[in-house]
Structures are given as C-alpha cells and as structure tokens.
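A.B. asks: Numbering (the numbering used here), first residue to last: 1157 to 1283. Provided herewith is a single structure, encoded as structure tokens, for subsequent inquiry.
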Amino acid sequence: MSAADAARYDYSTGRRALLLEASATNLLPNSAQFDAASWGKTRASVLANAALAPDGTMTADKLVEDTSNNSHFAARPGTQIAGGTAVTVSIFVKAAERRWFALPTSDSANVFRTSYFDLQTGTLGVV
1157 MSAADAARYD YSTGRRALLL EASATNLLPN SAQFDAASWG KTRASVLANA
1207 ALAPDGTMTA DKLVEDTSNN SHFAARPGTQ IAGGTAVTVS IFVKAAERRW
1257 FALPTSDSAN VFRTSYFDLQ TGTLGVV
C-alpha cells in the first residue's frame, strides 16, 4: 500500500510501469464506520474496531445480532446516481456467526436486486 501522494507501480505486464488511475469519489461518507449514526441498525448493534481490517489495522466493525429470528442489518440510503453512470461498490466481509452475506442494491426506479455471497467458500450464491 502506498501513501496518497506516492507513486504506485503496476507489474501485471511483467515490467514495472507507473500506475495511473482515474480519480474517484466515495459517495457514502463514513462508509467504513458502521457504528456512525448515519448507518441505521435493524435488530442489531455494531461493535466498532472489533477485528483486523484488510489493511492490518484494528478498525473493522462487527455487526452484533439481537436474539430475534429475523434479518439483521446495517443500512443507509445511497446517493442518487445518474442513469448510465458506471459505479463500483466494494465491501470487506468475513464469516463469524453467519455463513451468508446479502448485498441489496436498488436503482432509480426503486427496483431492488440482492447479491448473496457464501463467506465460507468465497463464492456468489443463492440462499
């Protein structure tokens, strides 16, 4: 990992080349702080800084379910994105008490699509 103001290199061609990437904007402020008030919690709470994050720091949050036999989640409304605009969504998750992770998204017509991920096998799946 490089600092924000340091050059990064791409070795994918077998030769070192300067890596140039387009600028990007995070459309969800506090996107990694699930304990923040901007994230609504349903039948769950968040234990902040409970595990190692992918960058090796102790900043990963844990979703703690209540005892109800129902769905448990943290959610927040996203930013409206103009049709035809390319976006990238990323999240780091790992198995704890649950095997499956669901990532629901919706479009401007409020049509929901949910992708399911098997956290034990690392594959896209169907629950």
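Note that beta-carbon positions come from the ideal geometry of N, C-alpha and C, so glycine has one too.
Does the Cβ-Cβ distance between V1249 and L1275 come in under 8 Å?
C.D. replies: Yes, Cβ-Cβ distance for V1249 and L1275 is below 8 Å.
A.B. asks: What is the rounded straight-line gap between the Cα of M1214 and the Cα of I1247?
C.D. replies: One C-alpha to the other measures close to 16 Å.
A.B. asks: To the nearest angstrom, report how far apart H1228 and S1201 are at their CA atoms.
C.D. replies: Taking the straight line from one Cα to the other gives about 9 Å.
A.B. asks: Taking the alpha carbon of R1254 as the reference point, which residue from V1220, S1271, T1241, V1243 has its own alpha carbon closest?
C.D. replies: Selected option, being the one with the closest Cα: V1220.
A.B. asks: Following the continuous beta strand (DSSP E) through T1279, name the residue where it begins and the one where it ends.
C.D. replies: 1279-1281 is the span of the beta strand (DSSP E), which, as asked, contains T1279.
A.B. asks: Using the DSSP secondary-structure output, state which residues sit across from F1285 in a beta bridge.
C.D. replies: Here the chain covers residues 1157 to 1283 and nothing more, so residue 1285 does not appear.
A.B. asks: If I follow the unbroken beta strand (DSSP E) through K1218, where does it start and stop?
C.D. replies: 1216-1221 is the extent of the beta strand (DSSP E) around K1218.
A.B. asks: To the nearest whole angstrom, what separates the beta carbons of L1259 and T1244, a pair I think is in contact under 8 Å?
C.D. replies: Rounded, the Cβ-Cβ distance is 13 Å, inconsistent with contact.
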